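This report refers to the structure that appears directly beneath it.
Protein chains in written order, with my numbering: chain A, 1230 to 1491; chain B, 80 to 339.
Printed below as a string of structure tokens:
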């Protein structure tokens, strides 16, 4: 578990009464969640339960049907209420598949946004930042010439993480960072998530159903069930929970008995 | 009762979808044109697209245009043989190629070759969340993806139309001299006879419209593709079908405006 001082009253991301439907299907019924500055919040829940939808609301890729998303004091839940470009410069996101730009090599992927947002930087300075970010994710600078198609799943996620931190964001969102990876590569990614928190001091939101990963990286864990956050707590609190649904999920049992106990 | 209402519901839904699609196409055009002042900052992306859309299409156009010119000339000769003098074969072929065949066939070939490629590329980028990644990085996909493609389509389709016209006339001349016993002088004097510069310009004006149409429909079907490989396949098919249909409709509309 990370060891970073977090002020419980300093809220970085606030979700108030978030609701979202796709057609007739209600994905988020009523989401209320505070994410503190500097902490790593892990959102767990079943596949297709709406975890990624919450992340997309946090970065303004989706707008809620009702409710508010407040990021660092700015309400971003209505299209015209915020400057997307400014708020997104504060945030980085690691997509499930990496979402690297296939037509660009690794170095270009990392440098692209940097060049566009900081035209004042010389090419030499841009390349320095690329090297620095590759070092942060423990990749040698020679990787910059590799095309995304030449990278393994784990490498793609590491490069995508380097791209996400290229603009030195204050918030990092991770969408299923360990899905599809072997346990050792998953652990490498988990260590990188912890490194990002300790070295860069970022606020992290991790969406996952990998409990090994969740227990390793989380300061707090929130459980999403049927469109609602049914429990929020520290790793120990979640491990010792009495909530039958949370208990069922973290132990991976298919059924809960009539008394709600496994 | 509900089964009686079904056809009306279906027609109503089609009308609503049609209006919504037209609205979305207008939005795509507006969002792309809005980024036009930044076009000089993305010069390398524009050139890359011009090469991909324009230069790479020349070999295919070379074959289709030459054969089209040959067929147009042979048909003109067969249909008019014995009725009019040989020089009219050149006149008919030239008019057909410049006004209709050149721009129309170029647009149809490009709709199949690059329109489908655009839809497949954008659908695939959407599927792999690359479009979302642009937005998350604070980069507007319309500026970095749509604008270079728009400029490339807008400029390259007319250029390719002019190339196609030249190649088709060349093909017509080859077949006239080698197979129809029409001399070079007769063929080219026939081309000059009744030549109106408006024939050429009308084709080029049409090609600008066709270029924008292929881009808009390619982007529209790419960004609205259903998930998965099937979605990419359907988007590719839809863009070819809708582009061909729109090109034919717009061909008639533009011709009616220009030649009225």
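Think of the CB as a built atom: it goes at the ideal place given N, C-alpha and C, for glycine as much as any other residue.
Note that the coordinates shown come from a computational prediction; the quantities given were computed from them, not determined experimentally.
Within 10 angstroms of the Cβ of residue 232 of chain B, are there 16 or more other Cβ atoms? Answer buried if so, exposed if not. On the second chain, residue 232 of chain B is found 153 positions in, with the first residue counted as 1. By the neighbour-count rule (16 or more Cβ atoms within 10 Å), residue 232 of chain B is buried.
For residue 1278 of chain A, name the three-state secondary structure that DSSP assigns. Here residue 1278 of chain A refers to the residue found at position 49 when the first chain is read from its first residue. Coil, per DSSP.
Could you check what DSSP says for residue 102 of chain B in three-state terms: helix, strand or coil? Along the second chain, one-based indexing puts residue 102 of chain B at 23. If DSSP states are grouped into helix, strand and coil, residue 102 of chain B belongs with the helices.
Can you give, in chain order, each stretch of the beta strand (DSSP E) that sits fully within the region 1297-1331 of chain A and has at least 3 residues? 1320-1323
Short of 8 Å in beta carbon distance, which residues of its chain neighbour residue 113 of chain B, apart from the five on each side in sequence? Order them along the chain. Reading the second chain from its first residue, position 34 is the one you call residue 113 of chain B. Result list for residue 113 of chain B: 221, in chain order.
Under 8 Å, Cβ to Cβ, is there at least one residue of chain A near residue 215 of chain B? Walking along the second chain from the start, residue 215 of chain B turns up at place 136. True, the Cβ-Cβ gap to chain A drops below 8 Å.
Throw me the rounded Cβ distance for the residue 1394 of chain A and residue 1321 of chain A pair, which I believe falls under 8 Å. Taking the first residue of the first chain as 1, we reach residue 1394 of chain A at position 165. Taking the first residue of the first chain as 1, we reach residue 1321 of chain A at position 92. Confirmed, about 6 Å.
Could you compute how far the alpha carbon of residue 227 of chain B sits from the alpha carbon of residue 218 of chain B? Position 148 of the second chain holds residue 227 of chain B. Position 139 of the second chain holds residue 218 of chain B. Their Cα atoms are separated by approximately 14 Å.
Near-chain B residues of the region 1312-1332 of chain A - C-beta to any C-beta below 9 Å: 1313, 1314, 1315, 1316, 1317, 1318, 1320, 1321, 1322, 1324, 1325, 1326, 1327, 1328, 1329, 1330, 1331, 1332
Exposed or buried, which one is residue 1286 of chain A when buried takes at least 16 other CB atoms within 10 Å? Numbered from 1 along the first chain, position 57 holds the residue referred to as residue 1286 of chain A. It counts as buried.
Go to residue 1462 of chain A, then tell me how far its beta strand (DSSP E) extends in each direction, as first and last residue. Residue numbering aside, residue 1462 of chain A sits at position 233 when the first chain is read from its first letter. Residues 1457-1463.
Within 10 angstroms of its Cβ, does residue 147 of chain B collect 16 or more other Cβ (buried), or is it exposed? On the second chain, position 68 is the one that residue 147 of chain B refers to. So residue 147 of chain B counts as buried.
Return the residue from the list A:1326, A:1315, A:1426 that minimises the CA-CA distance to residue 207 of chain B. Numbered from its first residue, the second chain carries residue 207 of chain B at position 128. The residue with the shortest Cα to Cα distance from residue 207 of chain B is A:1326.
According to DSSP, is residue 1454 of chain A helix, strand or coil? Looking up residue 1454 of chain A in the first chain gives position 225. Strand at residue 1454 of chain A.
Can you list, in chain order, the residues of its chain whose CB lies under 7 Å from that of residue 1528 of chain A, leaving out five sequence neighbours each side? Since the first residue of chain A shown is 1230 and the last is 1491, residue 1528 of chain A is not available in this structure.
Applying the 10 Å Cβ sphere with the 16-neighbour rule, what's the burial state of residue 327 of chain B? Here residue 327 of chain B corresponds to residue number 248 of the second chain, with the count starting at 1. Result: exposed.
Where residue 1483 of chain A sits in the DSSP three-state scheme: Your numbering for residue 1483 of chain A matches position 254 in the first chain. It is coil, neither helix nor strand.
Put residue 1266 of chain A into one of helix, strand or coil per three-state DSSP. Counting from one through the first chain, the residue named residue 1266 of chain A turns up at place 37. Reduced to three states, the DSSP call for residue 1266 of chain A is coil.
Which residues of chain B have a Cβ atom closer than 8 Å to the Cβ of residue 1342 of chain A, listed in chain order? Position 113 of the first chain holds residue 1342 of chain A. In chain order: 216, 217, 218.
Residues of chain A with a CB under 9 Å from the CB of residue 208 of chain B: which are they? By 1-based counting over the second chain, the position of residue 208 of chain B is 129. Simply 1324, 1325, 1326, 1327, 1328, 1404.
For the region 1357-1366 of chain A against the region 1338-1349 of chain A, do three or more pairs of beta-carbon atoms, one drawn from each stretch, fall closer than 8 Å, so that the two count as touching? yes
Am I right that residue 176 of chain B and residue 151 of chain B are in contact with their C-beta atoms under 8 Å? What's the rounded C-beta distance? For this step, residue 176 of chain B is matched to residue 97 along the second chain. For this step, residue 151 of chain B is matched to residue 72 along the second chain. The Cβ separation is near 6 Å, so the contact holds.
Confirm, please, whether the CB-CB distance from residue 1390 of chain A to residue 1421 of chain A is below 8 Å. Taking the first residue of the first chain as position 1, residue 1421 of chain A is located at position 192. Taking the first residue of the first chain as position 1, residue 1390 of chain A is located at position 161. Yes, they are a contact pair.
In chain order, what residues of the same chain lie with their CB nearer than 7 Å to the CB of residue 132 of chain B, ignoring the 5 residues before and after it? Numbered from its first residue, the second chain carries residue 132 of chain B at position 53. Within the same chain, residue 132 of chain B has close Cβ partners 193, 231, 232, 235.
Through-space distance from residue 1459 of chain A to residue 1244 of chain A, alpha-carbon basis: For the purposes of this step, residue 1244 of chain A is taken as the residue at position 15 of the first chain. For the purposes of this step, residue 1459 of chain A is taken as the residue at position 230 of the first chain. Roughly 14 Å between the two C-alpha positions.
How many Å lie between residue 1475 of chain A and residue 1271 of chain A at the Cα? In the first chain, counting from the first residue as 1, residue 1475 of chain A sits at position 246. In the first chain, counting from the first residue as 1, residue 1271 of chain A sits at position 42. Roughly 14 Å separates the two Cα atoms.
Between the Cα of residue 1417 of chain A and the Cα atoms of A:1447, A:1384, A:1249, which residue gives the shortest distance? In the first chain, residue 1417 of chain A corresponds to position 188, counting from 1. Comparing Cα positions, the closest option is A:1384.
Inside the region 1393-1458 of chain A only - alpha helix (DSSP H) runs reaching at least 4 residues: 1412-1424, 1440-1446
On the three-pair Cβ rule with 8 Å, is the region 1255-1273 of chain A touching the region 1436-1455 of chain A? yes
Mind checking who residue 1477 of chain A pairs with in its DSSP beta bridge? Counting from 1 along the first chain, the entry for residue 1477 of chain A is found at position 248. Answer by DSSP bridge pairing: none, since residue 1477 of chain A is not bridged.
Residue range of the beta strand (DSSP E) that residue 1292 of chain A falls in? Taking the first chain and counting its residues from 1, one reaches residue 1292 of chain A at position 63. Run containing residue 1292 of chain A: none; DSSP gives neither H nor E here.
Kindly confirm or deny that the region 300-308 of chain B and the region 244-258 of chain B touch, where touching means at least three C-beta pairs closer than 8 Å. no
Taking a contact to mean a Cβ-Cβ separation below 8 Å, would you say residue 1241 of chain A touches residue 1450 of chain A in this structure? The residue labelled residue 1241 of chain A in the question sits at position 12 within the first chain. The residue labelled residue 1450 of chain A in the question sits at position 221 within the first chain. The answer is no: Cβ separation not under 8 Å.
What's the C-alpha gap between residue 1263 of chain A and residue 1353 of chain A? Stepping through the first chain from its first residue, residue 1263 of chain A is reached at position 34. Stepping through the first chain from its first residue, residue 1353 of chain A is reached at position 124. Each residue's alpha carbon lies about 40 Å from the other.
Excluding sequence positions up to five away, which residues of its chain have a Cβ less than 8 Å from the Cβ of residue 1323 of chain A? Within the first chain, residue 1323 of chain A is the residue found at index 94, counting from 1. If we look at residue 1323 of chain A and ignore the five residues flanking it on each side, its Cβ neighbours are 1386, 1389, 1390, 1393, 1401, 1402, 1403, 1404, 1406.
Nearest to residue 1428 of chain A by alpha carbon, out of A:1365, A:1469, A:1280? For the purposes of this step, residue 1428 of chain A is taken as residue 199 along the first chain, with counting starting at 1. Comparing Cα positions, the closest option is A:1365.
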